[in-house]
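Step one of this worksheet: look at the structure below.
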């Protein structure tokens, strides 16, 4: 399953919606966005979220939003549900009982790297919907800070054995996010690899259920690669000697 990242502060709404349309054609089914913004930008962010969610519904794409406890107080769960947000990534600021309660209303993504057997046991002490609990790895903007492959796989296999969907990011080869412009992968080895090659490795060798592009966009060539792959074709490049 392929997903994309939409950062409303980095591009215009028009550009983001156009990219969503292109990636839907390439087989993309889900969008990740962030609701971490300074307090004085809450109003504009709210409007952009509404428009992004509206476009996602039109395209039949799910919308997962990264949110903190403070941001959730600002937006409120009823507002997010009515807007069309289908899930929340809860990284910090939430107790086990709160996460369990939210899981009965929508999909919840937890930090895969910090999720432990002890916290999972604490979650299960409360009425919850395990089918709505997912484990998402972070992306790592700074070089040399991404994850190593072997412990990453081991964590994913444990999570899957617990019945939890796993997710990780691949780098995009289009527009990069400021200020570092160094790609947004989960695995460090993928930082300068092609997006499609990184996708295939996660899909086939890393116990990953869902894969998102971390950066702002994919290049047109990569979009075509993913679209053909969705059709059951893997294009190969040939260099004549």
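Residue numbers (our numbering): 79 to 319.
The beta-carbon is built from N, C-alpha and C at its ideal position, and this holds for glycine as well.
Close Cβ partners of residue i (< 6 Å) along its chain, the five nearest in sequence each way excluded
i	result
residue 189	169
residue 287	243 and 244
residue 171	146 and 147
Expected contact under 8 Å - CB spacing of residue i and residue j to nearest Å
i	j	result
residue 204	residue 175	5 Å
residue 80	residue 304	6 Å
residue 276	residue 302	With a Cβ gap of about 17 Å, residue 276 and residue 302 do not count as contacting.
residue 89	residue 294	6 Å
residue 85	residue 112	6 Å
The alpha helix (DSSP H) enclosing residue i, as first and last residue numbers
i	result
residue 243	That residue, residue 243, is in no alpha helix (DSSP H); its beta strand (DSSP E) goes 243 to 248.
residue 228	227 to 239
Opening and closing residue of the beta strand (DSSP E) in which residue i lies
i	result
residue 140	140 to 145
residue 92	Note, residue 92: premise wrong, no beta strand (DSSP E); alpha helix (DSSP H) at 91 to 103.
residue 113	Counting along the chain, residue 113 falls outside any beta strand (DSSP E), and DSSP gives it neither H nor E.
residue 208	Counting along the chain, residue 208 falls outside any beta strand (DSSP E), and DSSP gives it neither H nor E.
Contact set for residue i: own chain, Cβ-Cβ below 7 Å, skip 5 residues either direction
i	result
residue 221	260 and 269
residue 258	219 and 220
Residues of its chain near residue i, where Cβ-Cβ distance is below 8 Å and the 5 sequence neighbours each way are ignored
i	result
residue 182	205, 206, 207 and 210
(message) Does the structure place the segment 251 to 268 close enough to the segment 232 to 242 that three or more beta carbon pairs sit under 8 Å?
(response) no
(request) Could you say if the segment 247 to 259 and the segment 206 to 213 meet the contact criterion of at least three C-beta pairs nearer than 8 Å? (result) no
(request) Write down every uninterrupted run of the alpha helix (DSSP H) in the segment 256 to 313 whose length is 4 residues or greater and which is fully enclosed by it, in chain order. (result) 273 to 283 and 298 to 308
(request) Tell me the start and end of each unbroken alpha helix (DSSP H) in the segment 121 to 202 that is at least 4 residues and wholly inside, in chain order. (result) 147 to 153, 155 to 161, 174 to 181 and 195 to 202
(message) Under 8 Å, with one C-beta from each stretch per pair, do the segment 150 to 170 and the segment 90 to 105 reach the 3-pair mark?
(response) no
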